[in-house]
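Just so we're aligned, residue 1148 is where the sequence shown starts under my numbering, counting upward by one. Every residue gets a Cβ at the ideal spot worked out from N, C-alpha and C, and that includes glycine.
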Amino acid sequence: EQMQVVHYPRRGHYVCQYDNNLHKFDVSQSRIVTLSIFLNDVPAGGNLIFPAANRPETANWTAIEWEQFQAKCVFSQQSCAELGGLSVKPQKGHAVLFYNAKYATLATGNA
């Protein structure tokens, strides 16, 4: 996959999304790791939000449960933030690396 550079306009928002297919994992077609690098400081907002992070119950969720969770945060960054999880404040030059699949999914190919 080619590198992507995304610039969010003022009040821009990228809704909750997944970097993989929830129903079928194909290692040749899936983004395994994501590295987000903050290129600027911002006076307010701009956080990278992982609303499902630090929630042990998500470990065994089905694709349907993930879709229901996603539906709760599609309107704004604020609605995603209200779900809890992890929020990373942007700081110029800092980066966040995260895996888009669990080890078991990589090993078996089962999403």
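Item	Value
Shortest alpha-carbon distance to Glu1229 belongs to which of Asn1187, Pro1198 and Gly1159?	Pro1198
Quick check: what's the CA-CA separation for Asn1207 versus Thr1181?	22 Å
Contact check, Phe1185 vs Gln1151 under 8 Å by CB: the rounded distance?	Contact flag wrong, Cβ pair sits at about 15 Å.
Report all residues from its chain with a CB closer than 7 Å to the CB of Ser1234; omit the five preceding and five following residues, and keep chain order.	Asn1194, Ile1196 and Ala1228
To test your reading of the DSSP string, which unbroken beta strand (DSSP E) runs of 3 or more residues are found completely within the segment 1181-1226?	1195-1197
Throw me the rounded Cβ distance for the Ala1191 and Gly1232 pair, which I believe falls under 8 Å.	The pair is not a contact, with the Cβ atoms about 20 Å apart (cut-off 8 Å).
Grab me the residues of Lys1236's own chain with a C-beta within less than 8 Å of its C-beta, minus the 5 sequence neighbours each way, in chain order.	Gly1193 and Asn1194
According to DSSP, is Ala1242 part of a helix, a strand, or is it coil?	strand
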